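Each residue of the sequence shown is one higher than the one before, counting from 1 in the UniProt record's numbering.
Structure first, then comments.
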Amino acid sequence: MSTPIDLTALKERQKVAWASGDYAVIGTTLQIVGETLAEACDLRCDEEVLDVAAGNGNATLAAARRGCLVTSTDYVAALLERGQDRARAEHLDVTFQVADAEALPFADSSFDAVLSTFGVMFAPDQATAARELARVCRRGGRIGLANWTPEGFVGQMFKTLGRHLPPPPGAQPPSNWGAEAWLHSHFDDRQFQVQVTRRHFNFRYRSAAHFIDVFRHWYGPVHKAFAALPPESGLALESDLTLLIDGLNRAGAESMVLPSEYLEVVITKR
Numbered sequence: 001m002s003t004p005i006d007l008t009a010l011k012e013r014q015k016v017a018w019a020s021g022d023y024a025v026i027g028t029t030l031q032i033v034g035e036t037l038a039e040a041c042d043l044r045c046d047e048e049v050l051d052v053a054a055g056n057g058n059a060t061l062a063a064a065r066r067g068c069l070v071t072s073t074d075y076v077a078a079l080l081e082r083g084q085d086r087a088r089a090e091h092l093d094v095t096f097q098v099a100d101a102e103a104l105p106f107a108d109s110s111f112d113a114v115l116s117t118f119g120v121m122f123a124p125d126q127a128t129a130a131r132e133l134a135r136v137c138r139r140g141g142r143i144g145l146a147n148w149t150p151e152g153f154v155g156q157m158f159k160t161l162g163r164h165l166p167p168p169p170g171a172q173p174p175s176n177w178g179a180e181a182w183l184h185s186h187f188d189d190r191q192f193q194v195q196v197t198r199r200h201f202n203f204r205y206r207s208a209a210h211f212i213d214v215f216r217h218w219y220g221p222v223h224k225a226f227a228a229l230p231p232e233s234g235l236a237l238e239s240d241l242t243l244l245i246d247g248l249n250r251a252g253a254e255s256m257v258l259p260s261e262y263l264e265v266v267i268t269k270r
């Protein structure tokens with residue numbers, strides 16, 4: 001029999017990974033996703049909105065710009081500090097609170113909208129995180145998610161990382177949240193209606209080498225993967241990532257424009 005995975009230990013390792021580097025360097029480039037999700041959820045002025053696993057606050061800012069009353073949460077305090085800096089610069093009134101996506105410290109039916117852009121999908125206990133999103137959302141409210149798909153570039157990048165540095169046995173891939181069947185299996189019932197739109201975010205860098213350099217220094221999971229590998233293995237990972245990027249780059253040899261598929265998900269609570 002296989003040994004059950006220690007989700008608590010895995011979560012602690014993830015927290016260390018996300019706190020390493022500086023996710024804000026990457027996160028700010030994804031702002032358009034938060035704006036698009038806010039529109040897809042049709043956010044209204046004065047609605048109470050929760051951003052789960054908010055990172056440096058893309059969905060947080062998008063909701064606050066639309067006059068919502070926003071609570072921004074993450075289990076990494078350093079990421080919330082970056083979101084605070086951004087909200088302060090725009091004179092937006094946002095509440096920031098350290099919180100675990102698997103144990104949200106809010107009462108049932110507290111929010112009109114619950115958002116997460118490329119955040120909650122990384123929670124180790126995926127079923128519990130899905131239940132928490134549903135629990136704190138009010139009847140008539142919306143759960144809005146942006147999740148990388150398994151087939152898209154980021155999903156393939158994580159598979160490449162996994163070949164060089166395998167995850168713990170039993171760990172569930174974050175890209176489950178980017179599979180329509182998985183979303184329907186966790187949210188389809190009498191209470192919820194799931195709407196999914198496939199979209200692409202374009203990563204724009206000078207080259208594959210530029211992308212890898214930025215991600216290995218600032219993006220926690222890639223940063224930790226390179227740090228954990230001996231030099232020869234690191235070179236092999238870099239080579240595989242370069243092949244992946246070059247194969248998907250639509251800008252030719254002079255630049256890098258790389259579409260990465262994600263699911264824009266709006267789940268309405270009846």
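Backbone N, C-alpha and C fix where the C-beta goes; we use that ideal spot for every residue, glycine too.
Keep in mind it's a predicted model, so treat the numbers as computed, not measured.
By the C-beta criterion, the segment 223-232 is judged to be in contact with the segment 9-25, since at least 3 inter-stretch pairs fall below 8 Å. Here the segment 161-174 lies against the segment 120-130, with 3 or more beta-carbon pairs under 8 Å apart.
If you ignore the 5 residues before and after LEU115, its C-beta comes within less than 6 Å of the C-beta of ASP51, ALA59, GLY144, all in its own chain and listed in chain order.
With the rule of 3 Cβ pairs closer than 8 Å, the segment 188-196 counts as touching the segment 251-268. The three-state secondary structure of LEU263, taken from DSSP, is strand. Look at ARG250 here: in three-state DSSP terms it is coil, with no helix or strand label. Remark: fewer than three beta-carbon pairs, one from each stretch, lie closer than 8 Å, so the segment 94-108 and the segment 29-47 are not flagged as touching. No Cβ-Cβ contact shorter than 7 Å links GLU35 with ASP112.
Counting only the Cα atoms, ARG44 lies some 7 Å from GLY67. Look at SER116 here: in three-state DSSP terms it is strand. DSSP lists ASP100 as the beta-bridge partner residues of ALA103. Straight-line measurement puts the Cα of LEU235 at about 17 Å from the Cα of SER207.
Contact check for ALA78 against ALA19 passes: the beta carbons are separated by less than 7 Å. Straight-line spacing of the CA atoms in GLY140 and ARG86 works out to 30 Å. Between ALA54 and VAL94, the C-beta spacing is not below 7 Å. With fewer than 16 other beta carbons inside 10 angstroms of its own, VAL98 counts as exposed. A direct Cα-to-Cα measurement between HIS200 and ASN249 gives close to 13 Å. When the beta-carbon positions are compared, LEU237 and HIS164 come within less than 7 Å of each other. Pairing ILE26 with TYR219 gives a Cβ-Cβ distance under 7 Å. From the listed residues SER110, SER255, CYS41, GLY170, the smallest Cα separation to ASP6 is found for GLY170. Burial is judged here by how many other beta carbons sit within 10 angstroms of a residue's own beta carbon; ASP74 has at least 16 and is buried. The Cβ atoms of GLU151 and ALA129 lie no closer than 7 Å to each other. LEU133 is classed as buried because its beta carbon has at least 16 other beta carbons within 10 Å across all chains shown. With 16 or more neighbouring CB atoms inside 10 Å of its own CB, LEU183 falls in the buried class.
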